[in-house]
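Numbering (UniProt numbering), first residue to last: 1 to 255.
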């Protein structure tokens, strides 16, 4: 329990320090409101948008894209990593090209993805997928390759089928590496979702940022940035909790 409370306290302390610094710069220091709105004005705007129903659709749209892209990218990343693990020849031929493809800057590929897939949801999911896939693939591949060979001997003694071996031995043993990749991929998914909404569409937190910039609505811009940061923290906390539950067998109990 103490291990779970500590990160919350650390995040809360960091948030309080940032809020205090923000209040001081925008208040006593006299920073112009068009450059740095006060925390109170941003909070008031977000509350007003929440009450009139204009905020939740944008937040839900961004969250929907993140979840879909993260799930699809993670599933494909884990499955391909397992294929590489079980088929060394496949890894020899394709691992290098995958790394080369990954080095291409995704922000440069974003316009091409929009041209290929249009301005709708598909292009956004493809962009998020491209950012999520490789971290999960790399983490899962490292996890599979680190499995103790004695576990494979155990699978043979138990006469497990390939599918049973994957579910009962390989996947659980590789989970630490997979979760490392998924947590990195979750942040990448958030970045990809915001980037995709910058590029096209009229929904999402990314759209609110571009709209606020174009109309010089600084409080709205800061509000959208803050919501994005809180969304990232929430995703990190949720994944940490899921990881703690799935990997409880691998760590000693804390009292």
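By construction, the Cβ of each residue, glycine as well, lies at the ideal position given by its N, Cα and C atoms.
In this text, all values refer to a predicted model and were calculated from it rather than measured experimentally.
Distance check for residue j and residue i, CA to CA, integer angstroms please.
{"i": "residue 152", "j": "residue 120", "result": "45 Å"}
{"i": "residue 37", "j": "residue 19", "result": "12 Å"}
{"i": "residue 85", "j": "residue 71", "result": "21 Å"}
{"i": "residue 24", "j": "residue 41", "result": "14 Å"}
{"i": "residue 258", "j": "residue 16", "result": "Since the displayed the chain opens at 1 and closes at 255, residue 258 lies outside it and no answer follows."}
{"i": "residue 215", "j": "residue 83", "result": "50 Å"}
{"i": "residue 189", "j": "residue 105", "result": "15 Å"}
{"i": "residue 58", "j": "residue 51", "result": "14 Å"}
{"i": "residue 78", "j": "residue 219", "result": "41 Å"}
{"i": "residue 172", "j": "residue 107", "result": "34 Å"}
Near residue i, what residues of its chain come up, given a Cβ to Cβ distance below 6 Å and the 5 sequence neighbours on each side ignored?
{"i": "residue 116", "result": "none"}
Within the continuous alpha helix (DSSP H) that includes residue i, where are the two ends?
{"i": "residue 144", "result": "121-145"}
{"i": "residue 43", "result": "39-51"}
{"i": "residue 118", "result": "Premise fails: residue 118 is in no alpha helix (DSSP H) and is neither H nor E."}
{"i": "residue 174", "result": "171-199"}
{"i": "residue 235", "result": "218-246"}
{"i": "residue 74", "result": "56-86"}
{"i": "residue 162", "result": "162-165"}
So, for residue i: in the same chain, excluding its five sequence neighbours on each side, which residues have a beta-carbon less than 8 Å away from its beta-carbon?
{"i": "residue 160", "result": "168 and 169"}
Whose CA, out of the options, lies closest to the CA of residue i?
{"i": "residue 149", "options": "135, 139, 136 and 165", "result": "165"}
{"i": "residue 55", "options": "190, 203, 232 and 199", "result": "203"}
{"i": "residue 177", "options": "195, 97, 197 and 145", "result": "145"}
{"i": "residue 198", "options": "12, 111 and 163", "result": "111"}
{"i": "residue 100", "options": "134, 155, 67 and 113", "result": "134"}
{"i": "residue 69", "options": "128, 81, 173 and 118", "result": "128"}
{"i": "residue 45", "options": "217, 88 and 244", "result": "217"}
{"i": "residue 233", "options": "247, 155, 244 and 183", "result": "183"}
{"i": "residue 175", "options": "243, 186, 29 and 223", "result": "243"}
{"i": "residue 187", "options": "142, 207, 132 and 123", "result": "132"}
List the whole-angstrom C-beta distance separating residue i from residue j, where the pair is believed to meet the contact cut-off of C-beta under 8 Å.
{"i": "residue 65", "j": "residue 193", "result": "5 Å"}
{"i": "residue 140", "j": "residue 73", "result": "Between residue 73 and residue 140 the Cβ distance is about 11 Å, and since that is not below 8 Å, they are no contact."}
{"i": "residue 209", "j": "residue 225", "result": "7 Å"}
{"i": "residue 205", "j": "residue 221", "result": "Between residue 221 and residue 205 the Cβ distance is about 11 Å, and since that is not below 8 Å, they are no contact."}
{"i": "residue 130", "j": "residue 109", "result": "7 Å"}
I'd like the list of long-range same chain contacts for residue i, defined as Cβ closer than 7 Å, with 5 residues on each side in sequence excluded.
{"i": "residue 94", "result": "none"}
{"i": "residue 246", "result": "175"}
{"i": "residue 251", "result": "Low confidence applies here, because residue 251 scores a pLDDT of 49, under 50, leaving its location unreliable; read the following figure in that light. Once the five neighbours on either side are set aside, residue 251 has no close Cβ partner at all."}
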